[in-house]
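Trainee: Respectively, the protein sequence lines represent chains H and D. Take the first sequence: its position 243, counting from 1, is numbered 242 in numbering that gives the first Met the number 0, and each next residue is one higher. Take the second sequence: its position 17, counting from 1, is numbered 16 in numbering that gives the first Met the number 0, and each next residue is one higher. We treat Cβ as the ideally placed atom computed from N, Cα and C, and that holds for glycine. Source: prediction; values computed, not measured.
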Amino acid sequence: MATAMQAVSPREEARPEGWGRPLIEVRELTKHFGPVVALAGVSLTVSAGEVHCLLGDNGAGKSTLIKTLSGVHKPTGGDFVVDGKPVTFSSPREALDAGIATVFQDLAMIPLLSITRNFFMGREPVKRVGPLSFMDMDFANKVARQEMRRIGIDVRDPEQAVGTLSGGERQCVAIARAVYFGAKVLILDEPTSALGVAQTSMVLKFIRQVRAKGLGVIFITHNVRHAYAVGDRFTILNRGRTLGTYAKTEIGLDELQTKMAGDKELQDLSEELGGTV
Amino acid sequence: MAERSDPGTPATPIVDVVDERLGRQSWYQRLMVRPDSGALAGVVLVFLFFTFAAGDTGMFASDGILSWMTVTAQLMIIGSGAALLMIGGEFDLSVGSMIGFSGMMIAIPTIYFDVPIGVSVVLAFVVAMAIGALNGYIIVRTRLPSFIVTLASLYILRGLTIALSILFTNRTIVSGLKEYSDDSFVASLFSAKLFPGFFQWLADNGIILKLPNGAPAVPGIPMLIVWAFALAVVGHVVLTRTRIGNWIFASGGDANAARNVGVPVSAVKISLFMATAFCATVFAACQVFEFGSAAADRGLLKEFEAIIAAVIGGCLLTGGYGSVIGACLGALIFGVVQQGILFAGAPSDWFQVFLGAMLLIAVLFNSSIRRRVTGER
Numbered sequence: 000m001a002t003a004m005q006a007v008s009p010r011e012e013a014r015p016e017g018w019g020r021p022l023i024e025v026r027e028l029t030k031h032f033g034p035v036v037a038l039a040g041v042s043l044t045v046s047a048g049e050v051h052c053l054l055g056d057n058g059a060g061k062s063t064l065i066k067t068l069s070g071v072h073k074p075t076g077g078d079f080v081v082d083g084k085p086v087t088f089s090s091p092r093e094a095l096d097a098g099i100a101t102v103f104q105d106l107a108m109i110p111l112l113s114i115t116r117n118f119f120m121g122r123e124p125v126k127r128v129g130p131l132s133f134m135d136m137d138f139a140n141k142v143a144r145q146e147m148r149r150i151g152i153d154v155r156d157p158e159q160a161v162g163t164l165s166g167g168e169r170q171c172v173a174i175a176r177a178v179y180f181g182a183k184v185l186i187l188d189e190p191t192s193a194l195g196v197a198q199t200s201m202v203l204k205f206i207r208q209v210r211a212k213g214l215g216v217i218f219i220t221h222n223v224r225h226a227y228a229v230g231d232r233f234t235i236l237n238r239g240r241t242l243g244t245y246a247k248t249e250i251g252l253d254e255l256q257t258k259m260a261g262d263k264e265l266q267d268l269s270e271e272l273g274g275t276v
Numbered sequence: 000m001a002e003r004s005d006p007g008t009p010a011t012p013i014v015d016v017v018d019e020r021l022g023r024q025s026w027y028q029r030l031m032v033r034p035d036s037g038a039l040a041g042v043v044l045v046f047l048f049f050t051f052a053a054g055d056t057g058m059f060a061s062d063g064i065l066s067w068m069t070v071t072a073q074l075m076i077i078g079s080g081a082a083l084l085m086i087g088g089e090f091d092l093s094v095g096s097m098i099g100f101s102g103m104m105i106a107i108p109t110i111y112f113d114v115p116i117g118v119s120v121v122l123a124f125v126v127a128m129a130i131g132a133l134n135g136y137i138i139v140r141t142r143l144p145s146f147i148v149t150l151a152s153l154y155i156l157r158g159l160t161i162a163l164s165i166l167f168t169n170r171t172i173v174s175g176l177k178e179y180s181d182d183s184f185v186a187s188l189f190s191a192k193l194f195p196g197f198f199q200w201l202a203d204n205g206i207i208l209k210l211p212n213g214a215p216a217v218p219g220i221p222m223l224i225v226w227a228f229a230l231a232v233v234g235h236v237v238l239t240r241t242r243i244g245n246w247i248f249a250s251g252g253d254a255n256a257a258r259n260v261g262v263p264v265s266a267v268k269i270s271l272f273m274a275t276a277f278c279a280t281v282f283a284a285c286q287v288f289e290f291g292s293a294a295a296d297r298g299l300l301k302e303f304e305a306i307i308a309a310v311i312g313g314c315l316l317t318g319g320y321g322s323v324i325g326a327c328l329g330a331l332i333f334g335v336v337q338q339g340i341l342f343a344g345a346p347s348d349w350f351q352v353f354l355g356a357m358l359l360i361a362v363l364f365n366s367s368i369r370r371r372v373t374g375e376r
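1. DSSP puts M134 (chain H) in a beta bridge; with which residues?
2. Can you grab the Cα-Cα spacing for the pair A279 (chain D) / Q73 (chain D), in whole Å?
3. Give the range of the alpha helix (DSSP H) segment to which E168 (chain H) is assigned.
4. Based on Cα-Cα distance, which residue from D:L358, D:V43, D:I165 and D:V323 lies nearest to V236 (chain D)?
5. Output, in chain order, the set of chain D residues within a Cβ distance shorter than 8 angstroms of F119 (chain H).
6. Since T241 (chain D) meets chain H, which of its residues come closer than 9 angstroms, beta carbon to beta carbon?
7. Per DSSP, what are the beta-bridge partners of D188 (chain H) in this structure?
8. In this structure, does DSSP put P263 (chain D) in helix, strand or coil?
9. Do three or more CB pairs link the region 81 to 95 of chain D to the region 224 to 238 of chain D at distances below 8 angstroms?
10. So, using beta-carbon positions, are G291 (chain D) and L176 (chain D) closer together than 8 angstroms?
11. In or out: S347 (chain D) buried (at least 16 other Cβ within 10 Å) or exposed?
12. Excluding sequence positions up to five away, which residues of its chain have a Cβ less than 6 angstroms from the Cβ of R176 (chain H)?
13. Which one of D:A202, D:A326 and D:D91 has the shortest CA to CA distance from N212 (chain D)?
14. Threshold first: 4 residues or longer. Then list the alpha helix (DSSP H) segments lying entirely within the region 77 to 151 of chain D, N to C.
15. Exposed or buried, which one is N204 (chain D) when buried takes at least 16 other CB atoms within 10 Å?
16. Taking only beta carbons into account, state which residues of the region 184 to 196 of chain H come closer than 8 angstroms to chain D, listed in chain order.
17. I'd like to know whether the C-beta of L68 (chain H) is nearer than 8 angstroms to at least one C-beta of chain D.
18. Assign W246 (chain D) to buried or exposed, taking buried as 16 or more other Cβ atoms, counted over all protein chains shown, within 10 Å of its Cβ.
19. State buried or exposed for S79 (chain D), treating a residue as buried only when at least 16 other CB atoms are found within 10 Å of its CB.
20. Rounded to whole angstroms, what is the Cα-Cα separation between I77 (chain D) and S190 (chain D)?
21. Three-state secondary structure (DSSP) at H72 (chain H)?
22. Going along the chain, which residues of its own chain have a beta-carbon closer than 7 angstroms to the beta-carbon of L315 (chain D), five neighbours each way excluded?
23. So which residues on chain D does P91 (chain H) lean against when the C-beta distance must stay under 9 angstroms?
24. Quick check on this structure: which residue in D:F303, D:S96 and D:S367 has the alpha carbon closest to the alpha carbon of Q351 (chain D)?
25. Can you tell me which of H:L68, H:K84 and H:P157 puts its alpha carbon nearest to the alpha carbon of L111 (chain H)?
26. Tell me, to the nearest whole angstrom, how far the beta carbon of G98 (chain H) is from that of A182 (chain H); I am working on the premise that it is less than 8 angstroms.
27. Let me see if you follow: with CB-CB separation under 8 angstroms, is D253 (chain D) close to chain H or not?
28. May I have the straight-line CA-CA distance separating I243 (chain D) from A59 (chain H), to the nearest angstrom?
29. Look up G219 (chain D) in the DSSP assignment and say whether it is helix, strand or coil.
Structure below.
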């Protein structure tokens with residue numbers, strides 16, 4: 000499926016079936032932790048084949064929102080619809096089974112374990128021999144090596160520890176894993192915030208490839224430039240509310256930056272620093 | 000007859016191409032990132048040393064081998080369990096107390112309450128594993144360090160063993176089990192000597208030493224050694240070749256990351272505590288049926304020996320890395336040195352000095368391997 004599509008030129012590519020269909024719809028979602036209101040009404044729609052960027056400063060509610068979408072928290076109120084059906088997840092596993100995979104920034108991979116073991120963690124391929132079942136290491140190694148090569152990472156040996164990969168490569172492996180296991184929606188939690196320029200472009204390029212397969216991507220970041228490089232639509236969160244959703248054609252980079260910064264003082268400060276923030 | 004059940008099928012057929020830009024790793028590089036390479040080097044050194052220091056003392060004659068293999072096998076039994084648990088990210092300090100407790104669980108009901116020997120043994124395994132499960136449950140539920148929780152059970156179990164022995168039998172050493180266990184299947188399961196005919200033949204032909212009464216110096220392969228190898232093989236295969244093994248590595252490597260992708264971390268950890276309790280009970284059963292007696296102070300300090308074997312074998316104290324084979328090699332080093340010092344005629348106090356030094360070297364070595372594996376500089 001993936002390789003066939005890459006062969007067609009990007010402009011005229013035959014888009015996978017269901018392109019543009021809404022995968023996740025969230026309406027007026029609220030989440031309270033005791034007296035603390037973390038989400039005060041968030042609305043968001045993510046469609047197949049789009050990269051939907053979620054922007055917001057610290058404390059805007061980005062983490063709470065993605066933890067709610069990925070089944071870590073239960074929402075206090077509001078609608079959460081996946082593929083047209085209302086859902087309530089009670090564990091990350093249930094969200095995963097519904098096709099929502101989350102790649103957390105630090106928790107994506109276990110550095111001491113091999114690439115293969117990380118890739119198949121929790122979903123090990125099994126080979127039965129009589130009454131015993133063994134992990135099919137040959138199959139797992141082959142798939143891991145093949146998937147690594149597909150995203151352009153040279154692995155000497157899929158049994159080498161993930162710790163030997165760079166930060167950008169680790170993020171790509173985590174994304175490739177989610178795609179391989181049939182995710183329909185990918186939630187990426189600040190995948191580029193700890194990376195250098197080359198590694199960031201590697202991850203952004205891979206996000207584009209994933210979109211081309213018809214997945215919906217929620218890309219959380221507070222770097223507007225990274226968001227603008229791959230995003231189709233941008234939703235800005237502030238103090239637990241959505242300030243608005245903008246298509247890329249409706250909004251420029253500067254305007255997006257201004258909207259995200261939100262208050263006047265920060266904008267002044269930003270101008271004082273020569274617009275480099 | 001192998002059938003496949005793949006959770007996800009690849010979109011394209013797998014073509015295994017070797018990328019020509021990548022150099023092959025030398026066998027040396029491969030060896031250096033294995034967790035058990037340090038222990039293997041240690042085994043070689045220790046054997047070399049004692050070949051020179053005690054080669055002419057009978058240490059490597061049949062009965063000499065039996066003496067250090069017995070120590071090794073005992074430690075392999077509890078060391079394999081300790082290694083799996085340590086890779087799963089936890090410790091069990093109650094192993095030693097569990098050995099004393101299980102021994103009494105086998106001896107007292109049989110001798111004082113006319114319980115059939117087989118029932119006592121099964122009961123000992125069930126109760127020990129239930130206690131192991133309770134240890135694990137408390138740890139995964141409260142998220143307290145296993146060090147503290149199992150330190151508590153170390154004292155509770157040891158105290159209970161002594162107190163209950165005195166309560167029921169008015170003594171702390173219970174002997175006379177032989178007359179209940181003779182010729183029973185369970186007793187032979189833990190204390191039989193395999194292939195007596197073969198060893199008699201070896202002795203008759205002068206290949207191994209013969210005692211003055213005509214019996215061979217080594218009457219057969221003790222079941223203790225069979226258990227040790229069986230548990231080691233099962234532990235190694237489970238760890239490296241099954242899905243549960245992957246869960247053990249993941250639970251110890253990063254419990255949160257593992258939970259996020261659906262690994263049943265709590266169940267894995269509780270099962271591992273049950274496994275160490277099982278190993279401790281096997282140890283106890285072999286000892287009880289060998290001597291025909293149980294004592295409340297059996298297994299003292301064995302929890303530390305098990306952990307030392309696992310650490311010498313390359314297990315990281317922080318979990319997620321290690322091997323069962325390494326722990327068995329650690330047990331071999333332990334056994335050879337402990338008995339070798341006796342054969343060489345050196346004061347046995349030196350053994351503890353050696354053990355401490357060995358542990359320190361192993362920990363330093365492990366942390367350097369960890370840096371190599373994870374690419375930290």
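Mentor: According to the structure shown:
1. On the first sequence, residue 134 (chain H) is found 135 positions in, with the first residue counted as 1. Note: M134 (chain H) sits in a beta bridge opposite H:V125.
2. Sequence index remark: in the second sequence, residue 279 (chain D) carries index 280 (1-based). Sequence index remark: in the second sequence, residue 73 (chain D) carries index 74 (1-based). Near 10 angstroms, if we compare the C-alpha coordinates of Q73 (chain D) and A279 (chain D).
3. As a first step, residue 168 (chain H) must be located in the first sequence, where it is residue number 169. DSSP places E168 (chain H) inside the alpha helix (DSSP H), whose first and last residues are G166 to Y179.
4. Your numbering for residue 236 (chain D) matches position 237 in the second sequence. For the residues D:L358, D:V43, D:I165 and D:V323, the minimum Cα distance to V236 (chain D) belongs to D:V323.
5. As a working mapping, residue 119 (chain H) is identified with position 120 in the first sequence. Here the neighbours are N245.
6. One-based indexing of the second sequence puts residue 241 (chain D) at position 242. Those are E123, V125, L131, S132, F133 and M134, listed as they occur along chain H.
7. On the first sequence, position 189 is the one that residue 188 (chain H) refers to. Here D188 (chain H) is bridged, per DSSP, to H:I219.
8. Reading the second sequence from its first residue, position 264 is the one you call residue 263 (chain D). Residue state, collapsed to three classes: coil.
9. Counting Cβ pairs under 8 angstroms, three or more are found: they touch.
10. Position 292 of the second sequence, counted from the first residue, corresponds to residue 291 (chain D). Position 177 of the second sequence, counted from the first residue, corresponds to residue 176 (chain D). L176 (chain D) is positioned such that its CB atom lies closer than 8 angstroms to that of G291 (chain D).
11. The residue labelled residue 347 (chain D) in the question sits at position 348 within the second sequence. The residue in question, S347 (chain D), is exposed, as its Cβ has fewer than 16 Cβ neighbours within 10 Å.
12. Reading the first sequence from its first residue, position 177 is the one you call residue 176 (chain H). For R176 (chain H), where only same-chain residues beyond five positions count, the Cβ hits under 6 angstroms are F118.
13. Residue 212 (chain D) sits at position 213 when you count from the first residue of the second sequence. Per the Cα distances, D:A202.
14. Runs of the alpha helix (DSSP H) lying entirely within the region 77 to 151 of chain D and spanning at least 4 residues, in chain order: 94 to 111 and 116 to 141.
15. As a working note, residue 204 (chain D) is residue 205 in the second sequence. Looking at its Cβ environment, which holds fewer than 16 other Cβ atoms inside 10 Å, N204 (chain D) is exposed.
16. From the region 184 to 196 of chain H, no residue has a Cβ closer than 8 angstroms to chain D.
17. Taking the first sequence and counting its residues from 1, the one referred to as residue 68 (chain H) is at position 69. Contacts with chain D at 8 angstroms (Cβ-Cβ) do not include L68 (chain H).
18. As a first step, residue 246 (chain D) must be located in the second sequence, where it is residue number 247. When all chains shown are included, W246 (chain D) counts as buried.
19. The residue you call residue 79 (chain D) lines up with position 80 of the second sequence. S79 (chain D) comes out buried.
20. Along the second sequence, read from residue 1 onward, the residue named residue 77 (chain D) stands at position 78. Along the second sequence, read from residue 1 onward, the residue named residue 190 (chain D) stands at position 191. Cα to Cα, I77 (chain D) sits roughly 17 angstroms from S190 (chain D).
21. Taking the first residue of the first sequence as position 1, residue 72 (chain H) is located at position 73. Of the three classes helix, strand and coil, the one that applies to H72 (chain H) here is coil, per DSSP.
22. Position 316 of the second sequence holds residue 315 (chain D). These residues qualify, in order along the chain: G321, N365 and R369.
23. Your numbering for residue 91 (chain H) matches position 92 in the first sequence. For P91 (chain H), the neighbours in chain D by C-beta distance under 9 angstroms run, in chain order, R258, N259, V260 and G261.
24. Here residue 351 (chain D) refers to the residue found at position 352 when the second sequence is read from its first residue. Restricting attention to D:F303, D:S96 and D:S367, the CA atom closest to the CA of Q351 (chain D) is found in D:F303.
25. Within the first sequence, residue 111 (chain H) is the residue found at index 112, counting from 1. If we check each option's Cα against that of L111 (chain H), H:P157 comes out closest.
26. Looking up residue 98 (chain H) in the first sequence gives position 99. Looking up residue 182 (chain H) in the first sequence gives position 183. So it is a contact: roughly 6 angstroms between Cβ atoms.
27. Your numbering for residue 253 (chain D) matches position 254 in the second sequence. For D253 (chain D), the answer is yes, since a Cβ of chain H falls inside 8 angstroms of its Cβ.
28. For this step, residue 243 (chain D) is matched to residue 244 along the second sequence. For this step, residue 59 (chain H) is matched to residue 60 along the first sequence. Distance between the alpha carbons of I243 (chain D) and A59 (chain H) is about 40 angstroms.
29. Locating residue 219 (chain D) in the second sequence gives position 220, where the first residue counts as 1. Per DSSP, reduced to three states, the secondary structure at G219 (chain D) is coil, with no helix or strand assignment.
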